[in-house]
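Numbering (the UniProt record's numbering), first residue to last: 2 to 528. Backbone N, C-alpha and C define an ideal beta-carbon position, used for all residues, glycine too.
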Ligand code: HEM
């Protein structure tokens, strides 16, 4: 049409048509066919039925019908940005990971922050853990550090993860409460899971209501391994320290913000980056060896424990800068797939049973969520280094290998495609493994209260008050008194004053007996 105004106009036949503003580019179908009319479907006469023949309308509606994909089973609500990681110094002694070899090296990254329990459309400021997932596009492949803003976790073994998440999300019969820890199922599970007590202290603290993503710490949580060029390994824990400082809101503010602007954290990150106020974090490492691990009071493979910074100071080795918002939320933030199994030469897993389970879970869920084993072809997931393999076909195969040879070994010489490279390739660290097959959890995982107590007493008086207030608020929503009592019975093993204050606040007639601290974790059901 020659008309450049939106509105009704008369078509050639004198009928009424809706028209849109012209731009430089011609609208096309997915097949690249120019579209003449995007406002009116094809029909038999101006008042007649729509014709099945209308391929333009059918293609458009077909595509729309399939827009939604399953949201993440956890961490559904999140927000991402691009940036880079800059290495401060060469860490050749510790690791052969390419990203840590050269001072001043800049590696592109994509970061996604998230809440855990809420659905995709939930508010930004529930009392919840925040995800802090970083994808480093290194020259030797993608390394994903899939962390949280709290250094410990609720459970020690991945087999409990479905139960934890079921209990934390909305209750299955009523479909509420959404993204809240304030309900019977959550506290029922927690009260029967003493290993969660350290994490509960952290999640009831101000850390669970961060002022924005820019003011949060991040943690890899698990113990990982570094391996250097000589094959020597050390243990490592990863920390992100925000250069903006660590800040939280108070609960009253969180409630108001959720009502007034449920996108508060999204908007904050978008605004900061688009205004050029790029947020930064420093990467810190806690490095230790088997000797330290053996004499440490807790098990370094237990993700419900920290290693105190007084014992192993955090060594700062680089910085992360977020300086570019996404072009498209769905294409990047929604389709990005972080996975703990994405590690690179120089970095390796430990035997932490939570990490081992995660290594299975992410890839598995992403096949369902993104629908094809080729989700690594999506630009946000694709490595930015050369990539050659013989994996082929499947839904949406975009980069099938070229040439005749699609197997190995082959005798096609130069045309035979990529070859394995023992000198450069990923080699698992040869840690010795030995022992009977068993489901028994190690006794070194058994102390669930000492670090919870240490965390609580390390807080300032106002922070301690906030923890007590949070426990009272959340538990006051729990209907069954025995659940509240059971939580208080654990608090009695953490801090007497705190337990009494919460019990009073909840109107409990008398204090319960302290929980039996000696009971093995996995058998802590009430008699
Ligand atoms: C997603 C962190 C434990 C399964 C995520 C995300 C983060 C995260 C940050 C969001 C990733 C994104 O932004 O796309 C953690 C941390 C854990 C932990 C720090 C404990 C230390 C677990 C465990 C399991 C698990 C034990 C299962 C056994 C999942 C799944 C997703 C997810 C299935 C959704 C992934 C997707 O759909 O892309 N986790 N998680 N997580 N996590 Fe975890």
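So, are the CB atoms of residue i and residue j less than 8 Å apart?
i	j	result
residue 219	residue 271	no
residue 289	residue 334	no
residue 446	residue 157	yes
residue 302	residue 352	yes
residue 337	residue 381	yes
residue 400	residue 373	no
residue 292	residue 153	no
residue 198	residue 495	yes
residue 143	residue 133	no
residue 225	residue 349	yes
residue 433	residue 300	no
residue 28	residue 39	yes
residue 64	residue 31	yes
residue 93	residue 139	no
residue 287	residue 313	yes
residue 159	residue 323	no
residue 238	residue 344	no
residue 78	residue 339	no
residue 405	residue 70	no
residue 168	residue 187	yes
residue 215	residue 273	yes
Using a threshold of 7 Å, is the CB atom of residue i nearer than that to any non-hydrogen atom of the ligand HEM?
i	result
residue 98	no
residue 150	no
residue 366	yes
residue 126	no
residue 345	no
residue 73	yes
residue 76	yes
residue 213	no
residue 1	In the structure as shown, the chain begins at 2 and stops at 528. Residue 1 is therefore absent and cannot be evaluated.
residue 372	no
residue 383	no
residue 197	no
residue 138	no
residue 82	no
Going by Cα to Cα distance, which pick from the options is closest to residue i?
i	options	result
residue 488	43, 318, 184 and 389	184
residue 485	258, 498 and 510	510
residue 76	39, 122 and 461	122
residue 490	450, 457 and 456	450
residue 90	253, 102, 375 and 146	102
residue 232	427, 30, 468 and 483	427
residue 424	97, 124 and 67	97
residue 124	257, 195 and 74	257
residue 228	99, 296, 513 and 57	99
residue 135	254, 71, 499 and 111	111
residue 346	105, 264, 422 and 70	422
Using 8 Å as the limit for Cβ to Cβ distance, is residue i near chain D?
i	result
residue 432	Of the chains in the structure shown, none is chain D; there is only one protein chain.
With contact counted as at least three CB pairs below 8 Å, one residue from each stretch, are the stretch 121 to 139 and the stretch 201 to 218 in contact?
In the pairwise beta carbon analysis, the stretch 121 to 139 is classified as touching the stretch 201 to 218: at least three pairs are separated by under 8 Å.
For the 8 Å Cβ check, are there 3 or more pairs between the stretch 173 to 192 and the stretch 114 to 121?
They touch, by the three-pair rule.
Using a Cβ distance threshold of 8 Å, determine whether the stretch 164 to 174 contacts the stretch 235 to 247, with at least three qualifying pairs required.
No: the two stretches stay apart, fewer than three of their Cβ pairs being nearer than 8 Å.
Cβ pair count under 8 Å reaching 3, the stretch 307 to 323 against the stretch 349 to 363:
As far as the Cβ criterion goes, the stretch 307 to 323 does not touch the stretch 349 to 363, which means the pair count is below three.
Quick check: the stretch 78 to 87 against the stretch 41 to 51, are at least 3 beta-carbon pairs closer than 8 Å?
Not touching, per the Cβ criterion.
At least 3 beta-carbon pairs within less than 8 Å: the stretch 416 to 427 vs the stretch 451 to 458
Touching, no.
Check whether the stretch 497 to 505 and the stretch 460 to 471 touch, using three or more Cβ-Cβ pairs below 8 Å as the test.
The stretch 460 to 471 and the stretch 497 to 505 touch, with three or more beta-carbon pairs separated by less than 8 Å.
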